[in-house]
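A.B. asks: What follows is a single structure, and I will ask about it in a moment.
Residue numbers (this note's numbering): 53 to 123.
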């Protein structure tokens, strides 16, 4: 396992990539989708925003910035 992790790290460095941890509270949509899968034990594909369950749509609006600044 350690060897595999080192291999992945090397590949990430070659691609000039980084892995960043984001807490659940920082990505409520992903957390809500993961909870949906765990609750239903089924795989569902959503192809548009309109197909999302209402509780997940709610979380997506909560993540919108409260202030949008133009540059």
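Positions of the beta carbon are idealized from the N, C-alpha and C atoms, including for glycine.
Model, not experiment: these values are computed from the prediction.
According to DSSP, simplified to helix, strand and coil, what is residue 65?
C.D. replies: Reduced to three states, the DSSP call for residue 65 is helix.
A.B. asks: Are the CB atoms of residue 108 and residue 84 within a distance shorter than 7 angstroms?
C.D. replies: yes
A.B. asks: Mapping the DSSP letters down to three states, classify residue 85 as helix, strand or coil.
C.D. replies: helix
A.B. asks: Alpha carbon to alpha carbon, how far is residue 59 from residue 66?
C.D. replies: 11 angstroms
A.B. asks: Residue 100 by DSSP, collapsed to three states: which one?
C.D. replies: coil
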